[in-house]
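Take a look at the structure below.
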Ligand SMILES: *[C@@H]1O[C@H](CO)[C@@H](O)[C@H](O)[C@H]1NC(C)=O
Ligand SMILES: *[C@@H]1O[C@H](CO)[C@@H](O)[C@H](O)[C@H]1NC(C)=O
Ligand SMILES: *[C@@H]1O[C@H](CO)[C@@H](O)[C@H](O)[C@H]1NC(C)=O
Ligand SMILES: [Zn+2]
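Numbering (mature numbering (1 follows the signal peptide of the UniProt record, and there is no 0)), first residue to last: -29 to -1, 1 to 438.
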């Protein structure tokens, strides 16, 4: 399993110096709220209109020209972030009842996230970002029927303050762009041209608006390219009209809660995912010896396979007070699945298998590969009441080192994560070396004065057993 998050790409760049900060201050210095807050018009390759970093994670291929950022996605973990502040937290609270407005062309199916910073507002601490809430772009799409030919990205600052009755700026002149694109990127699909806009109420993002770090796009499940023209906060939404297909805002769909860290003071949790049956008893023994409880995220198909003995094993683990929770049916990247039916099937079978094999219900779900997008979150919330989606802030990196010449780097990865403030781990018992390191992991955490417990306990879930 691969932990898909490239931290370097999100760290604020050091070139961000005083003059840029001055620019951003003058922009932010007038939260007039009737004026749009322009975040990004893609004038520069590596910074946005606020003077802060924008760029990609997970090797998302891009191409920049002044005013346009082309994205060539191939995986839902890939992401493009534009930061609201590279040196700390940013508060969008003054704009709380306004709208995130995105102007783009091409792929309509992706996830838009508002990313909350960690509690320290420090990009060197983990997790980073702290959490996020997400919406599915296509639900918020405004498409103008007859795009007129006009310069791309020339939607000027004044238009956002005009009345709700006014139409958005006419569509961009896209023919030239697509030619540039076609000749330079024949390896990718062609850009589907035509101006598209998203209007997303900030109230649809259930994050702490006082503590934000960035707006991002991710969750790409087709490889159709996107051309980004503008990201801003605007006070109004266009009134429904014939030209915009009678655009109306959709309702917020529940998306559960995404957690990457324990909440309870001085707590630490091991979230242990898929394993090999032959190491199961050894893992149980170590946890018994160390008198700690953990959370196991279990793949349903493995549980149903009698040759694994997993049903017997997890029954015993439950009786010993460990938590057993959901980890899909067959372990795909769920956000990469093309249809909601496929996502639903993974969720439903996962829930039913835990019920049938172990007689338990869990609302804790760990996404395979840590891959999370708006569709997965929405579908989880459809079938599970108030799901908690459990990512992590400490990665043992067994997927990277266990089969290498330097398996001990799993220890380094673990210590590094804890030193940076991580307190919710991901690991597997797929390799002998990882199982061998479980005891040193536990000792290290105990020596830090932290108390090891189940994920539900470390999140202070009132229905969890007492610590
Ligand atoms: C979940 O964690 C993985 C691994 O760190 C990361 O790739 C992904 O971006 C995280 N998702 C969110 C929404 O934080
Ligand atoms: C918009 O709504 C009006 C009034 O209900 C209707 O006549 C018109 O056909 C609709 N236009 C579109 C593009 O849906
Ligand atoms: C299956 O798991 C149970 C419960 O942990 C254990 O007692 C038993 O020895 C296991 N059987 C085999 C064949 O591993
Ligand atoms: Zn897994």
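Using N, Cα and C, we set each Cβ at its ideal position, and we do this for glycine too.
| Query | Result |
| --- | --- |
| Cut-off 6 Å between Cβ atoms - residues of its own chain near residue 225, not counting five sequence neighbours on either side | 352 |
| From 244, 277 and 406, residue whose alpha carbon lies closest to that of residue 299 | 244 |
| Beta-ladder partner(s) of residue 9, from DSSP | 203 |
| DSSP bridge partner residues for residue 370 (one or two, in chain order) | None, per the DSSP bridge assignment. |
| Residue 217 CB to nearest heavy atom of ligand 2 below 8 Å | yes |
| Contact the stretch 353 to 366 vs the stretch 221 to 236: 3+ CB pairs below 8 Å | yes |
| C-beta atoms of residue 424 and residue 199 nearer than 9 Å | no |
| Whether residue 293 touches residue 258 by CB criterion (9 Å) | yes |
| Burial state of residue 439, where buried means 16 or more other Cβ atoms lie within 10 Å | Examination of residue 439 is not possible in this model, given that the chain is present from -29 through 438 alone. |
| 4 or more residues per run - each alpha helix (DSSP H) lying fully within the stretch 279 to 305 | 281 to 290 |
| Alpha-carbon spacing of residue 178 relative to residue 104, whole angstroms | 6 Å |
| Residue range of the alpha helix (DSSP H) that includes residue 355 | Taken as a continuous stretch (DSSP letters only), residue 355 belongs to no alpha helix (DSSP H), as it is neither H nor E. |
| Straight-line gap, residue 181 to residue 311 (C-alpha atoms, nearest Å) | 33 Å |
| Bridge partners - residue 104, DSSP secondary structure assignment | 85 |
| C-beta atoms of residue 358 and residue 165 nearer than 9 Å | no |
| Residue 189 - containing alpha helix (DSSP H), residue span | Taken as a continuous stretch (DSSP letters only), residue 189 belongs to no alpha helix (DSSP H), being part of the beta strand (DSSP E) at 183 to 189. |
| Helix, strand or coil at residue 364 according to DSSP, with G and I counted as helix | coil |
| Beta-carbon contacts of residue 338 that lie in its chain and below 7 Å, excluding the five residues immediately before and after | 305, 347 and 360 |
| Residue from 272, 215 and 35 whose Cα sits closest to the Cα of residue 16 | 35 |
| Residue 192 (DSSP reduced to helix, strand or coil) | coil |
| Presumed contact (8 Å Cβ cut-off) between residue 76 and residue 169, rounded CB distance | The pair is not a contact, with the Cβ atoms about 12 Å apart (cut-off 8 Å). |
| Distance between beta carbons of residue 407 and residue 399, contact taken as under 8 Å | Residue 399 to residue 407, Cβ: 13 Å. No contact. |
| Nearest-angstrom Cα separation, counted from residue 237 out to residue 220 | 42 Å |
| Anticipated Cβ contact below 8 Å, residue 420 with residue 96, distance rounded | Their Cβ separation, rounded to whole angstroms, is 18 Å, which puts residue 420 and residue 96 out of contact at 8 Å. |
| Distance between residue 267 and residue 319 (C-alpha atoms, nearest Å) | 18 Å |
| Beta-carbon separation (whole angstroms), residue 80 vs residue 50, contact threshold 8 Å | Wrong, their Cβ atoms sit about 15 Å apart, outside the cutoff. |
| Within 9 Å, strictly: CB atoms of residue 19 and residue 54 | yes |
| Enclosing alpha helix (DSSP H) for residue 327 [first to last residue] | 311 to 329 |
| Below 5 Å from a heavy atom of ligand 3 - residues by beta-carbon | 280, 283, 284 and 287 |
| Pairwise C-alpha distance: residue 111 and residue 173 | 12 Å |
| Reduced DSSP category for residue 28 - H, G, I as helix; E, B as strand; rest coil | strand |
| Cβ-based neighbour list, residue 8, same chain, cut-off 7 Å, excluding 5 preceding and 5 following | 66, 203 and 204 |
| Where residue 432 falls: helix, strand or coil (DSSP) | coil |
| Cβ neighbours of residue 73 in the same chain (closer than 6 Å, five flanking residues each side left out) | 169 and 202 |
| Among 184, 208 and 160, nearest to residue 171 - alpha-carbon criterion | 208 |
| Of the listed residues 282, 185, 369 and 47, nearest to residue 94 (C-alpha basis) | 185 |
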